[in-house]
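S.K.: At position 124 of the sequence shown the residue is numbered 509 (the numbering used here), and the sequence of numbers has no breaks.
Note that beta-carbon positions come from the ideal geometry of N, C-alpha and C, so glycine has one too.
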Amino acid sequence: MRLLFLGTAAAEGYPGIFCDCDYCREARALGGKNLRFRSAMLINQDLLIDFGPDLLAASQRFNVSLSHITTGLVTHAHADHFHLGNFEMRGQPFTARLPIPTLNLFGPPDAIQAVHQAYPHLDELRMTAQAVNAFTTWETNGYQMTSYQAYHAIGGELTCLFYSISDGKHNILYATDTGPFPEATWQALSGRVFDVMILEETLGNGTYAAHLGFEGFLDHCRRFTREGLLKPGGRIIAHHLSHSGNPPHAKLEAILNPHGVEVAYDGMIVDLED
Ligand SMILES: [Zn+2]
Ligand SMILES: [Zn+2]
Ligand SMILES: [Zn+2]
Numbered sequence: 386m387r388l389l390f391l392g393t394a395a396a397e398g399y400p401g402i403f404c405d406c407d408y409c410r411e412a413r414a415l416g417g418k419n420l421r422f423r424s425a426m427l428i429n430q431d432l433l434i435d436f437g438p439d440l441l442a443a444s445q446r447f448n449v450s451l452s453h454i455t456t457g458l459v460t461h462a463h464a465d466h467f468h469l470g471n472f473e474m475r476g477q478p479f480t481a482r483l484p485i486p487t488l489n490l491f492g493p494p495d496a497i498q499a500v501h502q503a504y505p506h507l508d509e510l511r512m513t514a515q516a517v518n519a520f521t522t523w524e525t526n527g528y529q530m531t532s533y534q535a536y537h538a539i540g541g542e543l544t545c546l547f548y549s550i551s552d553g554k555h556n557i558l559y560a561t562d563t564g565p566f567p568e569a570t571w572q573a574l575s576g577r578v579f580d581v582m583i584l585e586e587t588l589g590n591g592t593y594a595a596h597l598g599f600e601g602f603l604d605h606c607r608r609f610t611r612e613g614l615l616k617p618g619g620r621i622i623a624h625h626l627s628h629s630g631n632p633p634h635a636k637l638e639a640i641l642n643p644h645g646v647e648v649a650y651d652g653m654i655v656d657l658e659d
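#1: Excluding five sequence neighbours on each side, which residues of the same chain lie with their C-beta closer than 6 Å to the C-beta of D431?
#2: Can the beta-carbon of S549 be found closer than 7 Å to that of T531?
#3: Residue range of the alpha helix (DSSP H) that F602 falls in?
#4: Quick one: does the C-beta of D656 sit closer than 6 Å to a heavy atom of ligand 3?
#5: Measuring CB to CB, does Y593 end up less than 7 Å from T563?
#6: Three or more beta-carbon pairs under 8 Å between the stretch 640-649 and the stretch 563-577, yes or no?
#7: I want to check one thing, is the minimum distance from the CB of D405 to the heavy atoms of ligand 3 below 6 Å?
#8: Looking only at its own chain, which residues have a Cβ that is under 6 Å from the Cβ of L637, when we skip the five neighbours before and after it?
#9: Considering only heavy atoms of ligand 3, list every residue whose Cβ is less than 5 Å from one of them, following chain order.
#10: In chain order, what residues of the same chain lie with their CB nearer than 7 Å to the CB of N590, ignoring the 5 residues before and after it?
#11: Taking the continuous beta strand (DSSP E) assigned at A516, which residues delimit it?
#12: Do the CB positions of E411 and P633 come within less than 7 Å of each other?
#13: Determine the DSSP secondary structure at T522, reduced to helix, strand or coil.
#14: Output needed for K554: all residues of its chain with C-beta closer than 8 Å, excluding positions within five of it in sequence on either side, in chain order.
#15: In whole angstroms, what is the alpha-carbon distance linking C606 and F467?
#16: Identify whether D508 lies in helix, strand or coil by the three-state DSSP scheme.
#17: Between Y650, A623, L488, which has its C-alpha nearest V459's C-alpha?
#18: Does I654 pass the burial test, meaning 16 or more other C-beta atoms within 10 Å, or should it be called exposed?
#19: CB E585 to CB H628, shorter than 7 Å?
#20: Just the Cα atoms here: how many angstroms apart are S551 and N448?
#21: Could you tell me the alpha carbon to alpha carbon distance between F609 and W571, rounded to whole angstroms?
#22: If the criterion is Cβ atoms closer than 7 Å, does the pair L558 and A462 meet it?
#23: Following a CB-centred definition, is H628 positioned closer than 6 Å to any heavy atom of ligand 2?
#24: Could you tell me the alpha carbon to alpha carbon distance between Y533 and G398, rounded to whole angstroms?
#25: Express the C-alpha separation of N518 and R446 in angstroms, rounding to a whole number.
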């Protein structure tokens, strides 16, 4: 299993589009790992998590074609994860009329409904779109997925999920856009063992109920270990990073690495050997 981080920033990107704070200025000056697109991850060549506004830019920056994707997971319909216009580009006129494999898309009911409303003839886009609720396990295209309830969009306006994915050999958790996990989510995770646990650390020093900062993130890491969710030698990776509270990459590593946590960067590859 190969994981490729296509983006590792929170909603506004890092440096933020319209931001000149000290962290953003430093990130612009340093370049490289300090430049982060909106979060998305590609697994192998055929599974994509989230379809945000930077997908095209990331596919070009990291030299990957997304034409092989057969499974798509949408975490939630916030604009940094879900840009509907991406799907239209699967149509014949935009793919040189070449055949591409069917994309089976899964996500929360409200996001999937938006896809069906925007594109009543999904077959023309070579895709299907199916709603999943929290705590569903299903198999598609050689992967087994489970959805979990996130604590996010706490006004209740959206359903927000995150996912575990297994290829039968490796098991990973991709948790983004969530504050403290609901207890029902902890219960659903119980008994699972992950090779890699990817968890949002949006806020750094900041606080906001529906995301995690350093304190909440590290609390979750300790509970992962305490509950045996992380395989011995497994990896915990922080992502979905905002400049509001998180310093640029090397300084963030200096804070998190001593806790056994890696900091994701755009283009980071995690190879899990068979
Ligand atoms: Zn987000
Ligand atoms: Zn900034
Ligand atoms: Zn969000």
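M.R.: On the basis of the supplied data:
#1: H453, I454, T455
#2: yes
#3: Run containing F602: 599-611, per the alpha helix (DSSP H) assignment.
#4: Distances taken from the Cβ of D656 to the heavy atoms of ligand 3 include none shorter than 6 Å.
#5: no
#6: no
#7: Checking every heavy atom of ligand 3 against the Cβ of D405, none is found closer than 6 Å.
#8: Hits under 6 Å: N631, V648.
#9: Near ligand 3, meaning a Cβ closer than 5 Å to any of its heavy atoms, lie the following residues in chain order: H463, D562.
#10: G598, F599, G630
#11: 512-516
#12: yes
#13: strand
#14: Sequence-distant Cβ neighbours of K554 in its own chain, meaning closer than 8 Å and more than five residues away, are M386, L657, D659.
#15: 27 Å
#16: helix
#17: L488
#18: exposed
#19: Pairing E585 with H628 gives a Cβ-Cβ distance that is not under 7 Å.
#20: Answer to the nearest angstrom: the Cα atoms are 25 Å apart.
#21: 9 Å
#22: no
#23: yes
#24: 25 Å
#25: 33 Å
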